[in-house]
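J.: Would you mind keeping the following structure in view while I ask a few things?
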DNA sequence: CCTCATTGAGTTTTT
DNA sequence: CTCAATGAGG
């Protein structure tokens, strides 16, 4: 099997896989075999004896990508991947911090806050500072904190110039102080803390720099500043970083990703070799041509052109719907006929720019009885009942966790009201201690004090009773003894929640039994340096079966925070796939529908005011197009219901950027009766009825028009008659304008 | 403490 | 329009 490792690679892939030890940038276009190159290189490095499995580090953005990488490596090499440093940025940082918690200034059982936990902590801090949460929304403060952490800045280093940033920075400082008191870290903190650990601890830095002879990075275009700095520090001056990315698929600038890191990387790491992977193994020619033509309109590019050895394939299809409902009907018909031709539903994707668009589509599919699956719902570990159970578990691991305390102190209800908690918070703040300590110490007299004491006793009992239990039994005991299960059993719609709680026990069982364990546990088997070894728990070198209760529980809680689970429970076997373009990244389908291709929607109107926003939208469109293997349908609607109002949209400029020769315009599907060609005639009866309000000039609301100066647009409002008649036109490029019909030389399209 | 009503916001999202 | 979050009242 090993001799066949390199078989079937094209020359560029082969060169990338077998590159000598040096920093290199691999520009890997969509569908060019990026993951294959990455995993084959790892397998090749190990197989040829250039590096041991424990001396390389590979980092991804999602757990899914990390799992896939591990699975592919196991398939290529007969080695045990357990213990290898392959994971997400956050997962790897967590692992390092667990191993060196003392050097990092963290308690051994530090807990991880997810975004919701973080927001509630920020709210508490804003309140404690006596700030007006209307004027300074906690959400904004949270954004401020994360943006600065991701830029590598602590509150003391932030240059606050205006009043708002000064106030938010105050929140940042207080928030960090509170996190330290409670022994909790947010996602960005995992990275920043790990970065600082390596930056200030020379022995540790030297150890890891020497250890990780090869560092491989997936989706490099999505790295933020802090991740880049972390990589640089970890690699060191002698490091070899193999970065794989595609600047054309950078669609997360809005959350801090800097595709500019690719330029910096070439400079900072003295990159000698930039390899472009441009042969695409996924899509047929017409689809690739469309993608290439579109993305050529972007200026900020490293430059790359995809090609395929396959034929041109089918033309793209463009359908202009009258309404969003009509658009859904078209898609439905096409899906039906494809399905009857033998295309599996799960091989068809329905993509849209924003989640709100899925509603109409779902409605149509539901009524037609077509099974579908929507990505992007509540995830398992984010469910209320699961968060409650985790809060109890967290309190048994670390009672100083105020967030967990507040979440369950009165859930299930046990007579600890808002008033009691307020008093407790005040006394905790006064003494600069956690709520737990405040509750243990000077519990107020009376009924409130009794309830608090009972809660304290409950947590202590949970702790004592689970001390020597294996992980699944800890979880089982806690969901029962906390009263959660009983509470939900008593609720009329609580059956599903009880099931989820039981599922949590199963999750713990699965977790304890598999390798996920190693990823989140402190790393004890790979000889960290003195400074580090000293900070490890006494049982250095312990085997997995000896790992203590707190380790197993901490690992499981980390897992819960860092891997919130599938977006939705896997539905029936064969279902149509509905998702936003963002969540489609990395996936591929036989047939893809991109819906809502309208100005204002895609590109989204908010993006137009942002710096580089339009180019990011175009990259997003590029990602959408390149998901398709054989068939690509593009649809837009003249009229769409959004936020309770009808909007009249112009076709997306992206449609104009695709060469007409690649596209076949289709009118309503063959399954529907043929319609007259005129725009008004093509409207379904109910839509036409609602639009039949003609203005004096003979123009109609919803009609497409052109103006000699402003170009293409759609009439969205009309008023007045005769010489006073005015219409409001939504121009694709010029935006909304009121025009007097007497003067404006408007033309119907 | 729970329920009902009002209010407001409404791109994209992983960790 | 529709969902989530907050606040008043039983």
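Numbering (my numbering), first residue to last: 335 to 1083. Ideal Cβ placement from N, Cα and C applies to all residues, glycine included. Note that the coordinates shown come from a computational prediction; the quantities given were computed from them, not determined experimentally.
For residue 655, which three-state DSSP category applies?
T.: Counting from one through the first chain, the residue named residue 655 turns up at place 321. In the structure shown, the three-state DSSP call for residue 655 is strand.
J.: Looking only at C-alpha atoms, which of 644, 1080, 471 and 533 sits nearest to residue 456?
T.: Indexing the first chain from 1 puts residue 456 at position 122. Of the listed residues, the one whose Cα sits closest to residue 456 is 471.
J.: What does DSSP give as the partner residues of residue 520 in its beta bridges?
T.: Start at 1 with the first residue of the first chain, and residue 520 comes out as number 186. Under DSSP, the beta-bridge partners assigned to residue 520 are 447.
J.: Assuming residue 411 and residue 364 form a contact by the criterion Cβ under 8 Å, report the distance between their Cβ atoms to the nearest whole angstrom.
T.: Taking the first residue of the first chain as position 1, residue 411 is located at position 77. Taking the first residue of the first chain as position 1, residue 364 is located at position 30. With 8 Å as the limit, residue 411 and residue 364 do not qualify as a contact, their Cβ atoms being about 27 Å apart.
J.: Please report the straight-line C-alpha distance between residue 1040 and residue 349, rounded to a whole angstrom.
T.: Taking the first chain and counting its residues from 1, the one referred to as residue 1040 is at position 706. Taking the first chain and counting its residues from 1, the one referred to as residue 349 is at position 15. Going from the Cα of residue 1040 to the Cα of residue 349 covers about 52 Å.
J.: Contact defined as beta carbons within less than 8 Å: I believe residue 953 pairs with residue 585. What is the distance between those atoms, to the nearest angstrom?
T.: Taking the first residue of the first chain as 1, we reach residue 953 at position 619. Taking the first residue of the first chain as 1, we reach residue 585 at position 251. Yes, they are in contact, since the Cβ atoms of residue 953 and residue 585 sit about 6 Å apart, within 8 Å.
J.: Would you mind listing the beta strand (DSSP E) stretches within the segment 513-570 that are 3+ residues and don't spill past its ends, in chain order?
T.: 518-520 and 548-551
J.: Let me check understanding here. Comparing Cα to Cα, which of 582, 614, 628 and 572 lies closest to residue 602?
T.: Numbered from its first residue, the first chain carries residue 602 at position 268. If we check each option's Cα against that of residue 602, 572 comes out closest.
J.: Can you check the segment 683-752 for any alpha helix (DSSP H) of at least 4 residues that lies completely inside it and give the ranges in chain order?
T.: Listed in chain order, the complete alpha helix (DSSP H) runs (minimum 4 residues) inside the segment 683-752 are 692-702, 718-731 and 736-742.
J.: Roughly how many whole angstroms lie between the Cα atoms of residue 482 and residue 489?
T.: Start at 1 with the first residue of the first chain, and residue 482 comes out as number 148. Start at 1 with the first residue of the first chain, and residue 489 comes out as number 155. Those two C-alpha atoms are separated by around 8 Å.
J.: Residue 358: which of 994, 752, 598 and 605 sits nearest, CA to CA?
T.: Within the first chain, residue 358 is the residue found at index 24, counting from 1. Closest option to residue 358, Cα to Cα, is 605.
J.: Give me the Cα-Cα distance between residue 1100 and residue 529, rounded to the nearest whole angstrom.
T.: The structure shown does not extend to residue 1100, since the chain is modelled only from 335 to 1083, so the question has no answer here.
J.: Please state whether DSSP places residue 1037 in a helix, a strand or coil.
T.: Stepping through the first chain from its first residue, residue 1037 is reached at position 703. The answer is coil: DSSP assigns residue 1037 none of H, G, I, E or B.
J.: Are the CB atoms of residue 473 and residue 453 within a distance shorter than 9 Å?
T.: Counted from its first residue, the first chain places residue 453 at position 119. Counted from its first residue, the first chain places residue 473 at position 139. In contact: residue 453 and residue 473 (Cβ atoms closer than 9 Å).
J.: Can you name the start and end residues of the beta strand (DSSP E) that residue 419 belongs to?
T.: Position 85 of the first chain, counted from the first residue, corresponds to residue 419. For residue 419, the enclosing beta strand (DSSP E) starts and ends at 419-422.
J.: May I ask you to report which of helix, strand or coil DSSP gives residue 1067?
T.: Here residue 1067 refers to the residue found at position 733 when the first chain is read from its first residue. Here residue 1067 sits in coil by DSSP.
J.: Pick helix, strand or coil for residue 661, following the three-state DSSP scheme.
T.: Position 327 of the first chain, counted from the first residue, corresponds to residue 661. Three-state result, residue 661: helix.
J.: Reducing DSSP to helix, strand and coil, say where residue 379 ends up.
T.: As a working mapping, residue 379 is identified with position 45 in the first chain. In this structure, residue 379 counts as helix in the three-state DSSP scheme.
J.: Which of the three DSSP states, helix, strand or coil, is assigned to residue 859?
T.: Here the question's residue 859 lines up with position 525 in the first chain. Residue placement at residue 859 is flagged as unreliable, the pLDDT there being 45, under the threshold of 50; a coordinate-derived value is accordingly withheld.
J.: Is residue 1067 buried or exposed, if buried means 16 or more other CB atoms sit within 10 Å of its CB?
T.: Counting from 1 along the first chain, the entry for residue 1067 is found at position 733. Exposed: under 16 other Cβ atoms inside 10 Å.
J.: Return the CA-CA distance between residue 565 and residue 343, expressed in angstroms with no decimal places.
T.: Residue 565 sits at position 231 when you count from the first residue of the first chain. Residue 343 sits at position 9 when you count from the first residue of the first chain. Answer to the nearest angstrom: the Cα atoms are 28 Å apart.
J.: Tell me the residue span of the alpha helix (DSSP H) that contains residue 826.
T.: Taking the first chain and counting its residues from 1, one reaches residue 826 at position 492. First-last for residue 826: undefined, no H or E at that position.
J.: Pick from 681, 507, 435 and 618: whose alpha carbon is nearest that of residue 927?
T.: Taking the first chain and counting its residues from 1, one reaches residue 927 at position 593. Of the listed residues, the one whose Cα sits closest to residue 927 is 681.
J.: Round the Cβ separation of residue 723 and residue 792 to the nearest angstrom and send it over; I've been treating them as touching at under 8 Å.
T.: For the purposes of this step, residue 723 is taken as the residue at position 389 of the first chain. For the purposes of this step, residue 792 is taken as the residue at position 458 of the first chain. Your pair residue 723 and residue 792 does not check out as a contact, with CB atoms roughly 14 Å apart and the cut at 8 Å.
J.: Could you work out which residue in 414, 440, 560 and 519 is closest to residue 485 when comparing CA atoms only?
T.: The sequence position of residue 485 within the first chain is 151, counting from 1. It is 560 whose Cα lies nearest to the Cα of residue 485.
J.: Is it the case that the Cβ atoms of residue 1050 and residue 1064 are separated by a distance below 9 Å?
T.: For this step, residue 1050 is matched to residue 716 along the first chain. For this step, residue 1064 is matched to residue 730 along the first chain. Yes. Within cutoff.
J.: Could you say which of 744, 352 and 507 lies nearest to residue 726 if we only look at CA atoms?
T.: Taking the first chain and counting its residues from 1, one reaches residue 726 at position 392. The shortest Cα separation from residue 726 among 744, 352 and 507 belongs to 744.
J.: So, under 8 Å CB-CB, residue 730 and residue 797 are touching, yes? Tell me the CB distance rounded to an integer number of Å.
T.: Walking along the first chain from the start, residue 730 turns up at place 396. Walking along the first chain from the start, residue 797 turns up at place 463. Rounded, the Cβ-Cβ distance is 5 Å, consistent with contact.
J.: What is the rounded straight-line gap between the Cα of residue 447 and the Cα of residue 496?
T.: Stepping through the first chain from its first residue, residue 447 is reached at position 113. Stepping through the first chain from its first residue, residue 496 is reached at position 162. A direct Cα-to-Cα measurement between residue 447 and residue 496 gives close to 29 Å.
J.: Does the Cβ-Cβ distance between residue 568 and residue 391 come in under 9 Å?
T.: Within the first chain, residue 568 is the residue found at index 234, counting from 1. Within the first chain, residue 391 is the residue found at index 57, counting from 1. Yes, Cβ-Cβ distance for residue 568 and residue 391 is below 9 Å.
J.: Using only alpha-carbon positions, find the residue among 551, 1079, 1001 and 477 that is nearest to residue 656.
T.: Indexing the first chain from 1 puts residue 656 at position 322. It is 1001.
J.: Tell me whether the segment 958-978 and the segment 623-634 touch, counting them as touching only if at least three CB pairs, one residue from each stretch, are closer than 8 Å.
T.: yes
J.: Mark residue 1077 as exposed unless 16 or more other C-beta atoms lie within 10 angstroms of its C-beta, in which case mark it buried.
T.: The sequence position of residue 1077 within the first chain is 743, counting from 1. With fewer than 16 other Cβ atoms within 10 Å, it is exposed.
J.: Report buried or exposed for residue 942, applying the criterion of at least 16 other Cβ atoms within 10 angstroms of its Cβ.
T.: Translated into positions along the first chain, residue 942 becomes position 608. Answer is exposed; the Cβ neighbour count stays below 16.
J.: Could you tell me which of 795, 1048 and 944 sits nearest to residue 589, measuring between CA atoms?
T.: On the first chain, position 255 is the one that residue 589 refers to. With distances taken between Cα atoms, residue 589 lies closest to 944.
J.: Do you know offhand how far residue 370's Cα is from residue 914's?
T.: Here residue 370 refers to the residue found at position 36 when the first chain is read from its first residue. Here residue 914 refers to the residue found at position 580 when the first chain is read from its first residue. Answer to the nearest angstrom: the Cα atoms are 25 Å apart.
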